[in-house]
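Residue numbers (my numbering): 467 to 893. Here a beta-carbon is modelled for each residue, glycine too, at the ideal position from N, C-alpha and C. Note that the coordinates shown come from a computational prediction; the quantities given were computed from them, not determined experimentally.
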Ligand SMILES: *[C@@H]1O[C@H](CO)[C@@H](O)[C@H](O)[C@H]1NC(C)=O
Ligand SMILES: *[C@@H]1O[C@H](CO)[C@@H](O)[C@H](O)[C@H]1NC(C)=O
């Protein structure tokens with residue numbers, strides 16, 4: 467036995483056998499890979515939960531009367547969301563307009579207001595009489611200018627609008643007649659007044675030139691009813707919207723309403739080129755309502771939570787505009803309601819539709835006060851009751867929302883894959 471092998475044998479008697487060494491290495495690796503990182507995360511969460519640490523990061527909570535959030539009340543996690551300086555929409559509030567009281571006056575604080583309804587003779591003869599008479603009765607209690615434009619025969623429209631699809635021609639007609647007024651409320655012919663104790667100005671927001679609202683049942687920005695100001699921006703917006711007739715996709719595209727989603731996205735967020743392109747691809751793939759809604763979702767996601775673009779557009783949240791669909795509450799209405807959309811019939815109590823009225827309008831009775839308005843008592847409801855009904859509708863609308871349209875656009879379309887490395891070039 468050499469000296470070397472003897473000393474090796476001696477050493478091995480004092481060292482642990484190889485299997486112990488392996489166990490030791492495995493344990494060390496376990497500590498390094500599994501235990502330590504978890505410990506790090508835990509420590510981080512502990513710090514985030516620490517009330518004092520949180521307040522140090524939110525000194526602004528103590529100004530503007532918002533107060534220090536109580537982190538034990540279960541709502542404290544929302545406190546930073548309400549910080550006024552983080553919410554630019556709250557900084558400059560809408561110019562106040564007094565709510566109409568007991569059919570009183572509607573002072574023309576914002577100038578001349580015109581109500582425009584665009585129709586075609588053919589359908590006007592057989593539809594919408596209830597809606598139009600309710601509007602007429604309302605208008606007799608105000609000083610607004612009424613404008614009924616026949617898109618088939620109107621000379622000024624014929625001269626200025628070469629469109630032959632009525633929905634697009636209507637927006638062109640609005641851009642033409644807008645020049646005669648300060649503000650214009652454009653209404654679908656099936657929009658009527660359910661509660662005349664309101665002034666149109668209550669919904670005029672002088673921070674913007676155009677006001678739209680979202681449809682309650684599907685979150686789409688509605689195209690039929692809008693308020694516009696006579697400015698170059700608004701006239702140009704309407705004109706370009708109308709001119710989409712000539713470049714719209716040929717597939718199931720939602721007509722002027724589908725166009726509106728894209729027109730708003732590209733107008734309000736001109737830097738979102740890749741995003742608009744993604745929505746455009748989805749739009750061109752639509753074959754019916756369900757996958758058309760995938761496109762609507764895309765535009766909504768890309769526009770985000772913003773509802774006000776100063777100097778440009780405001781989009782009222784669902785059921786917060788001057789009009790909502792009557793079906794949401796089966797014609798039940800409260801003090802907050804003004805107009806209902808979707809009254810297509812010529813008379814009440816036909817085709818299973820009762821309407822909120824007990825008899826048809828007799829316009830010669832309209833004018834002062836509530837004269838001429840004959841409501842069913844059961845259609846009147848408190849704001850709290852309407853709120854409950856809208857909440858139920860909201861839940862069911864979400865439940866029946868097309869599955870295909872519940873897709874996140876940045877997951878179904880490339881996000882940066884196609885424009886890399888230039889995606890941020892025009893941002
Ligand atoms: C319409 O104008 C008249 C005359 O200026 C005024 O007395 C009345 O209050 C106005 N009506 C409304 C609803 O503002
Ligand atoms: C409408 O009201 C006027 C005034 O009250 C009345 O003279 C007229 O007979 C009414 N018309 C109808 C069709 O009820």
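So the candidates are the options; which of them puts its Cα closest to the Cα of residue i?
{"i": "residue 878", "options": "761, 574, 776", "result": "761"}
{"i": "residue 884", "options": "779, 852, 845, 740", "result": "740"}
{"i": "residue 614", "options": "776, 636, 861", "result": "636"}
{"i": "residue 755", "options": "781, 767, 721", "result": "721"}
{"i": "residue 800", "options": "578, 650, 616, 850", "result": "850"}
{"i": "residue 889", "options": "663, 737, 644", "result": "737"}
{"i": "residue 634", "options": "578, 891, 586, 648", "result": "586"}
{"i": "residue 812", "options": "609, 827, 795", "result": "827"}
{"i": "residue 661", "options": "723, 817, 790, 672", "result": "790"}
{"i": "residue 768", "options": "887, 602, 875, 747", "result": "875"}
{"i": "residue 616", "options": "584, 663, 840, 861", "result": "584"}
{"i": "residue 742", "options": "757, 765, 833", "result": "765"}
{"i": "residue 603", "options": "868, 830, 862, 882", "result": "830"}
{"i": "residue 763", "options": "567, 852, 892, 687", "result": "687"}
Taking only heavy atoms of ligand 1 into account, decide whether any of them is closer than 7 Å to the Cβ of residue i.
{"i": "residue 800", "result": "no"}
Using the three-state DSSP reduction, which class does residue i fall into: helix, strand or coil?
{"i": "residue 667", "result": "helix"}
{"i": "residue 796", "result": "coil"}
{"i": "residue 807", "result": "strand"}
{"i": "residue 558", "result": "coil"}
{"i": "residue 827", "result": "coil"}
{"i": "residue 775", "result": "strand"}
{"i": "residue 891", "result": "coil"}
{"i": "residue 742", "result": "helix"}
{"i": "residue 768", "result": "helix"}
{"i": "residue 583", "result": "strand"}
{"i": "residue 814", "result": "coil"}
{"i": "residue 756", "result": "helix"}
{"i": "residue 878", "result": "helix"}
{"i": "residue 566", "result": "coil"}
{"i": "residue 611", "result": "strand"}
- Of all residues in the structure, which have a C-beta closer than 7 Å to any heavy atom of ligand 2, taken in chain order? The filter returns 828, 830, 831, in chain order.
Exercise. Around ligand 1, which residues pass a check of Cβ closer than 5 Å to any of its heavy atoms?
Worked result: 571, 572, 608, 609
Exercise. Please go through the region 845-872 and give each complete alpha helix (DSSP H) segment of 4 or more residues, from N-terminal end onward.
Key: Fully enclosed alpha helix (DSSP H) runs of 4 or longer: 849-865.
- Output the residue ranges of the alpha helix (DSSP H) runs that lie fully inside the region 613-669 and measure 4 residues or longer, sorted by chain position. Taking only runs of at least 4 residues, the alpha helix (DSSP H) segments lying wholly in the region 613-669 are 621-626, 632-643.
Quiz prompt | Complete beta strand (DSSP E) runs within the region 662-737 (minimum length 3 residues, chain order) | solution = 676-679, 692-695
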